[in-house]
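Residue numbers (numbering that gives the first Met the number 0), protein chains in the order written: chain A, 0 to 249; chain B, 0 to 295; chain C, 0 to 272.
In this text, a Cβ means the ideal position worked out from N, Cα and C, and glycines have one as well.
Since the structure comes first, as structure tokens, the remarks are kept for the end.
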Amino acid sequence: MSSEIEIEDLNAWFGEKHVLKDVSMEMEKNRITAIIGPSGCGKTTLIRCINRMHETVPEARVEGRILLNELDVYQEDPVSIRSRIGMVFQRPNPFPTMSVSENAVAGLKLRGTRDRSVLAEKAKEVLMAVGLWDEVRNELNKPGTSLSGGQQQRLCIARALAVEPEVILMDEPCSALDPVSTMRIEDLIYRLRENYTIIIVTHNMQQAARISDRTAFLYMGELIEYGPTKRLFEKPENELTERYISGRFG
Amino acid sequence: MEKFRLVTAAFAISLAALALALFTQLLTSSLPAVERFGLTFLFDTIWDPVMEVFGALPFVYGTLVTSLIALLIAVPLSIGAAVFLTQYVPTRTSYLLSFLIEIIAAIPSVVIGLWGIFVLIPFMRDPLGTFLVECLGFIPLFQGPVFGPSIMTGAIILAIMIIPIITSITKDAINTTPELQREGLVALGSTRWEVITKIILPYARPGIIGGVMLGLGRAVGETMAITMVIGNTPSIPASLLAPGDTLASVIANQFSEATSAIHTSALIELGLILFVITVVINICARLILRREVARE
Amino acid sequence: MNLRTRKMKGNAMIILVALAFVIIMIPLMSMLYMIAIRGIGAISLEFLTSLPTPPGEPGGGVGNAIQGSLMLVATASAISIPISIMAAVYISEYRGKLSSAIELITDVLSGTPSIVAGVFIYVLIIPRTGFSALAGSLALSVLMIPTVTIASYESLKAVPNHIREAAIALGVPKWKTSLFVVLRSAMIGIGTGVILGIARISGETAPLLFTALGNMYWNEGLLQPTSALPLLIYNYATSPYRSWQAQAWGAAFILLVIVLLLNIGVRIVARKR
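The structure is reproduced here in structure tokens:
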């Protein structure tokens, strides 16, 4: 199942610093939404507000509404929201104390699934889904951190898939990877849109252009422009957007 | 969800409660002595359980003098060793040699005291004590008969015991000196020793001072080893080569033998004084070392 | 100053700092040598397994002191380790004013002189309960808790934040994240701290002097006074009897071997990581 996200008048702060200003937008079901913008523009904060990770940082504050299929995320238990909205981070971060297969199903296990056969089956399923199964089937008991960077990131995606989320947030998932690994992950993301709503933050405009259906351009905490990717890159309506995508930015 | 926070908070608060209980228990139990002797307790030089006259000065004096002499011995040796281990020795060798110094810190106090009784005291009696009298006899501190168990012996034992901590913190402080600054001076044609004295040691100074303070805190509170070699005589001798006593030692020695309630109470008051002194020293040391960390 | 004298001065200083190191090694080597020479000579099966004999009578051993030390250290560990780890989790995982205050208090507590820990437990319980192994263990815990807490929260703080985030983003509750992800990642560091804490309290004497007190016989339970290796070393070393003094070296050898094995073992494990 996949769900849509609706953001209404979202504001976010770190202490005194106002990092997101009145952002309103919708992310469609079974689509990939890319969020671009210069570093420090608030794009990471935006997706961290969606699964309520922003508030786990001391002094962080949020106002506004975020709806997951018309359910207000901020009225719900954050823990249950996070199991419906998965996240993949900038740097691959498999749990160093767990093996490859333990990592793949870490979410299930930590949330109480004990049945070994269920876990093993789920591990296989998600590792296959991310195209890792054939590469690691003989290394399932090695530490998750022993894999290559690209493999680790796919493991982290598998780990997010295993808890069966409806939405997957990705925070620059390829920025620490080489071009070949990046390509594999982009392919994977593109395939995942069949079953999930995907929101990806990227500083790489080519990547946004290649894989996303819609793109949002954020600048200094404000949503400057949001529209179909092709249109946004070919005919930006806002001057700031145009300057940014043509690389004429400070 | 918040239950876990409360549970861990309860454990954390139990540590604060422990600190509070430590202080209040010592305070209330020393009240009889405080009420009876008041401030004269701190300045009276006589400690006589039979006559029930109790003055803390001999022990405060013994504690401070042994600790200060210990620092005089330990600080130069520790800084020297730290410079040697960080600047002149390859890393692998340095790791091994540092481990040897850390072994000293791991040896139980009572074992060092055992060595003190059977090795250091005889050594003090014969060559070292007489040597000190011959060389430094013109100073009153080194006049008079030579005893084996003495303030000096206690100070040497303390010096041995605090060298590891001062060395290790000095090494850490030296290792934080920015490489760039060193290279700058080397490029100007300085010798290695000049780099050490002009760049590295000044830079490391706050860290070293913090380490010295921690060493002092350790020396002041040290009990067994010094009890076994200091001679346990509650007096303020003119000579460092005569026996003395410290706060910790007199408690160790007399607490289980104390028969009168006032004697016990006086001993507990000594414990309170000792606790307060070490707390003050340790807080100073932490503040200095924390500022160090913040500076980096 | 010309370059030559400057260089000569530098060389003289190398000798001086090397000399400082050598001087530090002299007492250490003397200790290790004496304990080895005198200690090994005193050790036999009887020494390890039998009760002390009255002074002047030949034979006897430190069996009950070994038993007592094991009992004291085990009890103190059972008290200290859970308290320390839970307190450390709070200090590291719930940052705030309270946790910083407790961190500072723990720092200060770690400097408590060992004799003060003994006095504290004495005034707290001995007049009501009498001397006992339990009181000795509590006094040791006063010293062990701050040490293990500091080692634990330092290891917990060293766990990178992205590990916590990974777990929380999976919808794992914070308490499970702290307990099963963060704590598990810090286990090596915490284990090291625990073992060093055990090594430290194994050699402590002062807290036991008027809590555990000592005992010439086998220990029959936590509520009886008990002997311990450090107590025995102290009593024997300061006694006038030659046979007891000789046995003090034997006991010191055993204690030192235990403490050094713990210290070296921890280093080897920690280095492999």
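Residue 79/A CB to nearest chain C CB: under 8 Å? yes
Straight-line gap, residue 130/A to residue 29/A (C-alpha atoms, nearest Å): 20 Å
Near residue 43/B, what residues of its chain come up, given a Cβ to Cβ distance below 8 Å and the 5 sequence neighbours on each side ignored? 36, 52, 53, 54, 55, 56
Any chain C beta carbon closer than 8 Å to residue 60/B: no
Pairwise C-alpha distance: residue 222/A and residue 7/A: 12 Å
Against chain C: residues of the segment 226-238 of chain B by CB proximity under 7 Å: 227
Between residue 58/B and residue 246/B, which are expected to be in contact by the criterion C-beta below 8 Å, what is the C-beta distance as a whole number of angstroms? 5 Å
Could you list which residues in chain A have their beta carbon closer than 8 Å to that of residue 162/C, in chain order? 92, 94, 95
Here's the rule: buried if 16 or more other CB atoms are within 10 angstroms of the residue's CB, otherwise exposed. What is residue 234/A? exposed
Can you name the residues that DSSP bridges to residue 61/A? 11/A
Name the residue from 221/C, 36/C, 207/C, 125/C whose alpha carbon lies nearest to the alpha carbon of residue 233/C. 207/C
Residue-level contact to chain A via CB, residue 190/C, 8 Å cutoff: no
Cβ separation of residue 276/B and residue 118/C, assumed to be a contact under 8 Å, to the nearest whole Å: That pair is no contact at about 14 Å.
Candidates 148/B, 256/B, 29/B, 85/B: which alpha carbon is nearest residue 171/B's? 85/B
Spell out a yes or no on whether the segment 103-121 of chain A and the segment 64-73 of chain A are touching, meaning 3 or more CB-CB pairs, one atom from each, closer than 8 Å. no
Going by beta carbon distance, what residues of the same chain come within less than 6 Å of residue 41/C, once the five residues before and after it are set aside? 245, 246, 248, 249
Which class does residue 17/A belong to by DSSP, given the choice of helix, strand or coil? strand
Under 8 Å Cβ-Cβ, which residues of chain B neighbour residue 86/C? 7, 10, 11, 13, 14
Looking at the structure shown, is residue 227/C part of a helix, part of a strand, or coil, going by DSSP? coil
Tell me, please, whether the CB atom of residue 19/C is closer than 8 Å to any CB atom in chain B? yes
Between the CA atoms of residue 129/B and residue 33/B - distance to the nearest angstrom: 42 Å
Going by beta carbon distance, what residues of the same chain come within less than 7 Å of residue 224/A, once the five residues before and after it are set aside? 216, 231, 235, 236, 237, 240
Using 8 Å as the cut-off, can you tell me whether the segment 209-217 of chain B makes contact with the segment 138-154 of chain B, which would need three or more C-beta pairs spanning the two stretches below that distance? no
For residue 169/A, which beta-bridge partners are listed by DSSP? 87/A, 199/A
Once you ignore the five residues that flank residue 95/A on each side, which residues in its own chain have a CB closer than 6 Å to its CB? 144
Output needed for residue 162/A: all residues of its chain with C-beta closer than 8 Å, excluding positions within five of it in sequence on either side, in chain order. 82, 85, 106, 107, 110
Residues in the segment 151-183 of chain C with C-beta within 7 Å of chain A's C-beta atoms, listed in sequence order? 161, 162, 164, 165, 166, 167, 168, 169, 170, 171, 172, 175, 179, 180, 183
At the 8 Å Cβ level, is residue 204/C part of the contact set with chain B, yes or no? yes
From what residue to what residue does the alpha helix (DSSP H) around residue 241/A run? 238-244
Contact list for residue 162/A against chain C, beta-carbon separation under 8 Å: 169, 170
Residue 28/B versus chain C: which residues are under 7 Å apart at the beta carbon? 122
Please determine, among 57/A, 177/A, 199/A, 21/A, the residue with the shortest C-alpha to C-alpha distance to residue 92/C. 57/A
Taking Cβ positions, are residue 202/C and residue 239/C nearer each other than 8 Å? no
In terms of residue numbering, what span does the alpha helix (DSSP H) encompassing residue 7/B cover? 1-36
At which residues does the alpha helix (DSSP H) containing residue 215/A begin and terminate? Not the alpha helix (DSSP H): residue 215/A falls in the beta strand (DSSP E), residues 213-218.
Please list the partners that residue 98/C has in chain B, where partner means a Cβ-to-Cβ separation under 8 Å. 11
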